[in-house]
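Undergrad:
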Amino acid sequence: MSERTFEEKTFSVDDWFDFGRADQVLDAYNKGGGSALEADPYVARSLIPAGTGKARDFSYIAPELPELNAEACVGCMDCVTNCPDTAILGKAVPRDVLEERLQHIDDEDHRAYVREQFADTSKYLTSFEKKRAKNPELPEGALFGIFIDPTKCKGCAECVQVCGDHGALRMIKKTPDNLPGFLGAFEVYNSLPNTRPEHRIVKDKRDLMLNDDNLSYVGGAGSCMGCGEASVLRQVMAATSEVYGNNWGIVAATGCNTVYGSTYPYNPFLVPWTNPLFENAPADAMGIRSCWDAMGHEDWPLWVIGGDGAMLDIGFQSLSRLLTSGMNIKVLVLDTQVYSNTGGQTSTATYIGQDAKMSYHGKKIPGKVEGRKELGMICMMHPRTYVAQTVGPMAKHFYNAIERANEFRGPAVINVFTTCQPEHGVADDMAGAQALLAVESRAFPVFVYDPDKGDTIKQCLSLAGNPGATRDWNIRRNKDGTQRPVTFIDWARTEGRFRKHFDGEGQTTTELILTAQEERLRNWRRLQELAGVENVDQKAIAENAENKA
Amino acid sequence: MSTRKRSLKTLKTRPDAVESLVCEELTSPRALTTQVLDHLLAAHEVVGGEVVDWLRGKLAELESYELDLLLSPLFTPAFATRVRYEEALGKGCLDPTEVDDLIRRLETRELSMTLLHEGEQIEEPLPQVVLERFVRLAHLDSPLPEEALQDSGPLVPEVRCYLRDRAWRRLQSRRLVPSLLQAARSMGDDFPEYMHFLTDFLRSYRPRSREQCVTFLDNLAQAYKADLEKHRSGVRSFFNQELQAAYAGKWSVDGDVVTLHERMIAMAEALRKVLS
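In structure tokens:
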């Protein structure tokens, strides 16, 4: 091999990419003339320049856009956190900075419109002002604005769903008459300075995305509306960029995330990213880790990302090898319980009774009959491996897991339940809600296994975050005082992939769904046992049996 | 402010009655919603059976903004709540200073909130930040546009409540008030529903003239029609609960059952016709 030298350069997105060339490529693709294109220097090197997804325009997709009613906004940042497309963003701006910027808007009505996008919240304004009244040396408060990028928004309405009873967001019909307002306001957002560090509430992890530098997933990816995976990816990237800037990398196993995340010429990532084969992402990462370490970059986190197929099935051996190596590599498993990318085939993470390709619900076999492989528990049994099973909407649990994984000097696995709307049969705005219900119903219990916490599994494993952790099922009490358990079947009833197990009234019609529920309960009890959590329901049954005897 | 407006205001608005209604609403028991429980889980890692004890023991330790984030979904005044205040507001409104006074008076009363969860009743002091946000969002100091007051027809409480939306007070909107009010009124019993439609229309599309109203209403109707056609063709380009309701939800109008989208098209076209 000839000797090569590398020139260090700082690139902006504009430097990295020839947008004229992008137009040429897209135009050719749209007209079916791709084969006539000249050879591309980036394609020739298998490169897609970083962050080019920012230039992608999806404004032809969404029939509706979210509209902000700023007076009702409290600055919770749930909408920003849960958006899969980096299409809704927040900014805290001191009043004088905003007023100065507004003066540059000539059109009086548009100026008023932009001003209306800012809220006087207790979080960013009045709580600061009250503290400052007592101590003038403390920072001034800021107005809080929410802005929609209509070129990124696909209209899933997840933001409206999580805003809920705050009533600060609603979907409105997009027409040629309101689109310019959205675009103009987003231009103003882009021209405003980054939110100051003092206005990011450290203990509220959702504020990680208030820092522009943490938006290292820029959007423009071809993921489905409301994709649960993409929201989780954004969260991981924000938490990692918060500490390491762009000095970290991703090895993404082939799957949905690589298809929507690397559709030439659009790349939503601002950090180094590579796509190996389906089955060998962990092995690839081990090579990169060795190389980085040799170059003196031992502190740069390296994340391997993959779905069910890459991590549980065909790439399982590679993952196991990585974990056994003790190398400082982090693994993010986007657990959709199905091969989402290739059209919804069964994986070993698929639930019993789930209607998936290769386990079709038919007359003889009503869906998948094998039990679900519990990757989290298997990973725990590897030498000194940090493992967390979590969901994105549990912001504190999720971000704590990511932060700890990054700090942990060794292998770490974060297994995340992510909704796949087309394969799960749920609405585009329900990724967060379904993930939370999956936790509550024991379909997907959350846990953290930190091997540095002690010598026994019980000392290392925590089930904190699971509702009713000492019970078989979490018990909800109704208004009239009666109780009802929240079971796996309650969750399954809300997802299309299980619909053939229920009649029109929601009553179960098959034995297999009951088997699925029993299997989930066994899994939960196993976790309780490992964590040393006494199950009060089982204890009561045992005591009753003892008394009768 | 004109003498006529001032006299109307002093004659009609009853601040004591407003205070009584607000107080009643703030202290009425309310059940914890899924959104609040999800927030407890996401932000404070409080789960299941721990919720009641946590609320009894930890609320006092939270910063005001944390209380705001947690409790605001329960204390955001609904439209129906604001309509009730119209009886006390009449065609007038409170001055901003009167709203400040109202907040101060309510604070001195040291109100309690009652939260219901799983058959338990949790009584805690009503946080100041919650009280302030609720009162601000009640729009008690939002005047009706003067142009609406000059309208000779009756303004029922529901219509007045819509007219307090700031969308009607924008300079460009105020010029449109007489014609839009007249157009909505011409829809007979559907007057309040058309006012709802127009309030949203003004807020989202910001027309500056009657001509723009006509064009924008037409564009809106076309956008709904395009979606309906796409939906009927079987193309599943998007699917969220709100849109599903819009397609599948049934709306009964004069005995005919239509979907929400069809209703929106009909309203946009009816208004366009009147305004053309």
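For the protein sequence lines, the chains are A and B, in the order given. Counted the way our numbering counts, the first sequence spans residues -5 to 543. Counted the way our numbering counts, the second sequence spans residues 748 to 1023. C-beta atoms are modelled at their ideal positions from N, C-alpha and C, and glycine is treated no differently.
#1: In three-state DSSP terms, what is V480 of chain A?
#2: Roughly how many angstroms lie between the CA atoms of V327 of chain A and L853 of chain B, to the nearest whole one?
#3: When you compare the region 506 to 518 of chain A with the region 346 to 355 of chain A, are there three or more beta-carbon pairs, one atom per stretch, that lie closer than 8 angstroms?
#4: Counting only beta-carbon separations shorter than 8 angstroms, does K358 of chain A have a partner in chain B?
#5: Rounded to the nearest angstrom, what separates R831 of chain B and P904 of chain B at their Cα positions?
#6: Note down the Cα distance separating D848 of chain B from D114 of chain A, rounded to an integer number of angstroms.
#7: Determine, using beta carbons only, whether Y952 of chain B comes closer than 8 angstroms to chain A.
#8: Taking Cβ to Cβ, would you say A789 of chain B is nearer than 8 angstroms to M388 of chain A?
#9: Does the count of Cβ pairs from the region 92 to 102 of chain A and the region 73 to 82 of chain A closer than 8 angstroms reach three?
#10: So that I know if they touch, is there some Cβ in chain B lying closer than 8 angstroms to that of E512 of chain A?
#11: Between the region 428 to 435 of chain A and the region 379 to 394 of chain A, do at least 3 Cβ pairs fall closer than 8 angstroms?
#12: By Cβ distance below 8 angstroms, which residues in the same chain neighbour V420 of chain A in space, the five residues on each side in sequence not counted?
#13: Whose C-beta lies closer than 6 angstroms to the C-beta of E971 of chain B among residues of the same chain, with five residues either side of it excluded?
#14: With DSSP as the reference, label V407 of chain A as helix, strand or coil.
#15: Here's the rule: buried if 16 or more other CB atoms are within 10 angstroms of the residue's CB, otherwise exposed. What is K324 of chain A?
#16: Per DSSP, which residues does T609 of chain A bridge with? Please list them.
#17: Pick helix, strand or coil for H864 of chain B, following the three-state DSSP scheme.
#18: Can you confirm whether G216 of chain A, when its beta carbon is compared against all beta carbons of chain B, has any partner nearer than 8 angstroms?
#19: Return helix, strand or coil for S456 of chain A, following the three-state DSSP convention.
#20: Step through the CB atoms of chain B and report whether any lies within less than 8 angstroms of the CB of Y107 of chain A.
#21: According to a CB-to-CB cut-off of less than 9 angstroms, which residues of the region 441 to 475 of chain A neighbour chain B?
#22: Between B:A835, B:A930, B:T861, which has its C-alpha nearest M1014 of chain B's C-alpha?
#23: Between the region 935 to 944 of chain B and the region 902 to 916 of chain B, can you find at least three pairs of beta-carbon atoms closer than 8 angstroms?
#24: Give the straight-line distance between the Cα atoms of E273 of chain A and C250 of chain A, rounded to the nearest whole angstrom.
#25: Keeping to the same chain, check which residues put their C-beta closer than 7 angstroms to that of R514 of chain A; ignore five residues upstream and five downstream.
#26: Under a three-way DSSP split, which group does I244 of chain A fall into?
#27: Any idea what DSSP makes of Y443 of chain A, helix, strand or coil?
#28: Could you tell me whether the Cβ of S775 of chain B comes closer than 8 angstroms to any Cβ of chain A?
#29: For D201 of chain A, tell me which candidate among A:T75, A:R164, A:G281, A:A288 has the shortest Cα-Cα distance.
#30: Please list, in chain order, the chain A residues whose beta carbon lies closer than 7 angstroms to that of S889 of chain B.
#31: Whose Cβ in chain B lies nearer than 7 angstroms to the Cβ of M388 of chain A?
#32: Spell out a yes or no on whether the region 295 to 313 of chain A and the region 239 to 253 of chain A are touching, meaning 3 or more CB-CB pairs, one atom from each, closer than 8 angstroms.
#33: In angstroms with no decimal places, state the Cα-to-Cα distance between V108 of chain A and V407 of chain A.
#34: Examine chain B for any beta-carbon lying closer than 8 angstroms to the beta-carbon of D159 of chain A, and answer yes or no.
#35: Quick one: is V68 of chain A near chain B, going by C-beta distance under 8 angstroms?
TA: Considering the structure as presented:
#1: Walking along the first sequence from the start, residue 480 of chain A turns up at place 486. Residue state, collapsed to three classes: strand.
#2: Counted from its first residue, the first sequence places residue 327 of chain A at position 333. Counted from its first residue, the second sequence places residue 853 of chain B at position 106. Distance between the alpha carbons of V327 of chain A and L853 of chain B is about 52 angstroms.
#3: yes
#4: Locating residue 358 of chain A in the first sequence gives position 364, counting from the first residue. By this cut-off, K358 of chain A is not an interface position.
#5: Mapped onto the second sequence, residue 831 of chain B falls at position 84. Mapped onto the second sequence, residue 904 of chain B falls at position 157. When rounded, the distance between both Cα atoms is 8 angstroms.
#6: Residue mapping note: residue 848 of chain B aligns to position 101 of the second sequence, counting from 1. Residue mapping note: residue 114 of chain A aligns to position 120 of the first sequence, counting from 1. Roughly 20 angstroms between the two C-alpha positions.
#7: Numbered from 1 along the second sequence, position 205 holds the residue referred to as residue 952 of chain B. So yes, Y952 of chain B belongs to the interface.
#8: Counting from one through the second sequence, the residue named residue 789 of chain B turns up at place 42. Counting from one through the first sequence, the residue named residue 388 of chain A turns up at place 394. Cβ distance < 8 angstroms, so A789 of chain B and M388 of chain A count as in contact.
#9: no
#10: Here the question's residue 512 of chain A lines up with position 518 in the first sequence. It does not: the Cβ of E512 of chain A has no partner Cβ on chain B nearer than 8 angstroms.
#11: yes
#12: Translated into the one-based positions of the first sequence, residue 420 of chain A becomes position 426. If we look at V420 of chain A and ignore the five residues flanking it on each side, its Cβ neighbours are T413, Q428, T488, E489, G490.
#13: As a working note, residue 971 of chain B is residue 224 in the second sequence. With the sequence shown as reference, residue 971 of chain B is identified as Tyr, and Glu is not the correct amino acid for it. Answer for Y971 of chain B: H1008, M1011, I1012, listed in chain order.
#14: Here residue 407 of chain A corresponds to residue number 413 of the first sequence, with the count starting at 1. If DSSP states are grouped into helix, strand and coil, V407 of chain A belongs with the strands.
#15: For the purposes of this step, residue 324 of chain A is taken as residue 330 along the first sequence, with counting starting at 1. K324 of chain A is buried by the Cβ-count criterion.
#16: Residue 609 of chain A lies beyond the stretch modelled for chain A, which goes from -5 to 543, so this question has no answer here.
#17: Taking the second sequence and counting its residues from 1, one reaches residue 864 of chain B at position 117. H864 of chain B falls in the strand class under three-state DSSP.
#18: Here residue 216 of chain A refers to the residue found at position 222 when the first sequence is read from its first residue. No, because no Cβ of chain B sits closer than 8 angstroms to the Cβ of G216 of chain A.
#19: By one-based count along the first sequence, residue 456 of chain A stands at place 462. Note: S456 of chain A maps to strand in three-state DSSP.
#20: Residue numbering aside, residue 107 of chain A sits at position 113 when the first sequence is read from its first letter. It does: the Cβ of Y107 of chain A has a partner Cβ on chain B nearer than 8 angstroms.
#21: A458, G459, N460, P461, G462, A463, T464, R465, N468, I469, R470, R471, N472, K473, D474, G475
#22: Here residue 1014 of chain B refers to the residue found at position 267 when the second sequence is read from its first residue. Closest option to M1014 of chain B, Cα to Cα, is B:A930.
#23: yes
#24: Within the first sequence, the letter at position 279 stands for residue 273 of chain A. Within the first sequence, the letter at position 256 stands for residue 250 of chain A. Taking the straight line joining both Cα atoms gives about 14 angstroms.
#25: The count along the first sequence starts at 1 and reaches residue 514 of chain A at position 520. Only R436, A437, F482 meet the Cβ criterion.
#26: Here residue 244 of chain A refers to the residue found at position 250 of the first sequence. It is a strand residue.
#27: Residue numbering aside, residue 443 of chain A sits at position 449 when the first sequence is read from its first letter. Three-state DSSP puts Y443 of chain A in a strand.
#28: Counted from its first residue, the second sequence places residue 775 of chain B at position 28. No, no contact with chain A.
#29: Walking along the first sequence from the start, residue 201 of chain A turns up at place 207. Among A:T75, A:R164, A:G281, A:A288, the Cα nearest to that of D201 of chain A is on A:T75.
#30: Position 142 of the second sequence holds residue 889 of chain B. Ordered by position in chain A, no residue passes the 7 angstroms Cβ test against S889 of chain B, which lies about 10 angstroms from the chain.
#31: Position 394 of the first sequence, counted from the first residue, corresponds to residue 388 of chain A. What M388 of chain A touches in chain B: L788, A789.
#32: yes
#33: Residue numbering aside, residue 108 of chain A sits at position 114 when the first sequence is read from its first letter. Residue numbering aside, residue 407 of chain A sits at position 413 when the first sequence is read from its first letter. One C-alpha to the other measures close to 43 angstroms.
#34: Against the first sequence, residue 159 of chain A aligns to sequence position 165. True, the Cβ-Cβ gap to chain B drops below 8 angstroms.
#35: By 1-based counting over the first sequence, the position of residue 68 of chain A is 74. Yes - at least one Cβ of chain B is within 8 angstroms of the one on V68 of chain A.
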